[in-house]
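In our numbering, the protein residues as written are 4 to 297.
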């Protein structure tokens with residue numbers, strides 16, 4: 004009888020704790036429900052952050068216009084002022100020099116969109132809003148996702164402006180719709196990677212004064228890729244650096260997409276996804292450091 008009473012007590016305790024048949028182990032359904040609830044909570048936080056940053060960008064053009072003007076100035080300067088580069092022996096890009104430069108500027112605008120989002124996050128730390136957001140958010144991992152979505156939203160506006168400017172300037176698009184989706188996919192992944200880098204800096208520094216630390220590495224990586232001519236025409240140390248630069252594969256694949264001659268597709272997406280994975284860890288560890296201080 005004593006044994007039966009002990010078993011009954013264990014069963015009552017397991018039911019009270021929500022345990023399964025084996026004491027102390029949660030029912031699989033309960034665990035799955037908790038994961039779904041956490042995912043929904045993170046998405047809710049992410050969408051709230053996205054709406055807030057997009058409204059801020061629209062209401063404060065001074066925070067958004069520079070991110071749009073820089074790529075447009077680069078496109079005009081590079082495609083217009085350097086158009087004679089297309090006459091260099093060995094330059095055989097079939098879609099013309101404007102299209103050649105458009106791809107670089109398009110990807111550059113994606114990266115800079117991420118950097119400017121990092122500036123906005125750092126500014127929120129300076130004015131105290133970020134701390135209030137951390138205290139209010141039930142699922143803080145959604146904050147990082149919200150920052151990435153905000154950067155993609157900003158890039159969507161900038162990317163449209165750059166594309167219109169390129170078309171007005173005589174850009175040729177020889178790729179198919181699938182090719183253009185590939186180019187857009189590379190740009191979005193690059194935008195996310197740059198955002199995660201800049202947000203990781205902002206979460207650690209918590210000041211806009213860290214802006215150069217966010218921007219300069221991105222700037223260097225961009226301009227150590229084949230900017231003005233294809234990789235085959237580079238010489239010296241810049242050719243060696245560009246050959247090892249992961250952005251080179253991304254830029255060359257983008258140019259292949261717009262010309263209808265896809266190249267290095269697997270390598271380019273592998274580099275882009277790999278960078279994003281590493282920088283996701285960078286941003287999340289920054290978030291954990293901030294959480295310990297809240």
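Glycine is no exception: its CB is placed at the ideal position from the N, C-alpha and C atoms. Since this is a predicted model, take the numbers as computed values, not measurements.
message = Just to check my reading of the structure: residue 96 and residue 169 have Cβ atoms closer than 8 angstroms, yes? What is that Cβ distance to the nearest angstrom?
response = In this structure residue 96 is not in contact with residue 169, their Cβ atoms being roughly 14 angstroms apart against a cut-off of 8 angstroms.
task = Would you give the residue range spanned by the alpha helix (DSSP H) that residue 217 belongs to?
result = First-last of the alpha helix (DSSP H) with residue 217: 214-226.
ask   = Would you call residue 43 buried or exposed, if buried means 16 or more other Cβ atoms sit within 10 Å of its Cβ?
value = exposed
key: Inter-residue Cα distance where the pair is residue 157 and residue 272   = 22 angstroms
Residue closest to residue 69, alpha-carbon to alpha-carbon, out of 53, 188, 112, 152 = Closest by alpha carbon: 112.
inquiry  = I want to know whether the region 147-156 touches the region 48-62 - three or more CB-CB distances under 8 angstroms.
reply    = yes
key: Neighbourhood of residue 293 by C-beta, 7 angstroms cutoff - its chain only, sequence neighbours within 5 removed   = Only 137, 206 meet the Cβ criterion.
message = Measuring only the C-alpha atoms, how far is residue 161 from residue 72?
response = 9 angstroms
key: Same chain, Cβ closer than 7 angstroms to residue 103, five either side skipped, listed in chain order   = 96, 258
query = Considering residue 249, what are the terminal residues of the alpha helix (DSSP H) in which it resides?
reply = 249-262
request  = Decide if the region 83-94 is in contact with the region 115-130; the criterion is three or more beta carbon pairs, one per stretch, under 8 angstroms apart.
outcome  = no
task = Locate the alpha helix (DSSP H) running through residue 103, then write down its first and last residues.
result = 100-130
ask   = Under a Cβ-count criterion, where at least 16 other Cβ atoms within 10 Å of its own Cβ denotes burial, should residue 3 be classed as buried or exposed?
value = What the structure shows of the chain is the stretch from 4 to 297, and residue 3 is not part of that stretch, so it cannot be assessed.
key: Validate contact between the region 264-280 and the region 239-254 using beta carbons, cut 8 angstroms, 3 pairs   = yes
ask   = Can at least three beta-carbon pairs, one atom from the region 114-122 and one from the region 191-201, be found at a separation below 8 angstroms?
value = yes
task = Could you check the C-alpha separation between residue 176 and residue 185 for me, to the nearest Å?
result = Distance between the alpha carbons of residue 176 and residue 185: 13 angstroms.
query = Grouping DSSP H, G and I as helix and E and B as strand, with all else coil, what is residue 164?
reply = Correct three-state label for residue 164: helix.
key: Presumed contact (8 angstroms Cβ cut-off) between residue 282 and residue 143, rounded CB distance   = 18 angstroms between Cβ atoms; not a contact.
query = Measuring CB to CB, does residue 269 end up less than 7 angstroms from residue 245?
reply = no
query = Among 215, 101, 235, 46, which has the Cα closest to the Cα of residue 94?
reply = 235
query = Are the Cβ atoms of residue 203 and residue 82 separated by less than 7 angstroms?
reply = Using a Cβ distance threshold of 7 angstroms, residue 203 and residue 82 do not count as a contacting pair.
message = Between 211, 183, 280, which has its C-alpha nearest residue 110's C-alpha?
response = 183
request  = Alpha carbon to alpha carbon, how far is residue 209 from residue 134? Give it in angstroms, no decimals.
outcome  = Here the alpha carbons of residue 209 and residue 134 stand approximately 10 angstroms from one another.
key: Reference residue 221, options 212, 78, 77, 114, closest by Cα   = 114
key: CB-CB length for residue 140 against residue 48, believed under 8 angstroms   = 5 angstroms
query = In terms of residue numbering, what span does the alpha helix (DSSP H) encompassing residue 279 cover?
reply = 268-296
query = Using the beta-carbon count (16 or more within 10 Å), is residue 117 buried or exposed?
reply = buried
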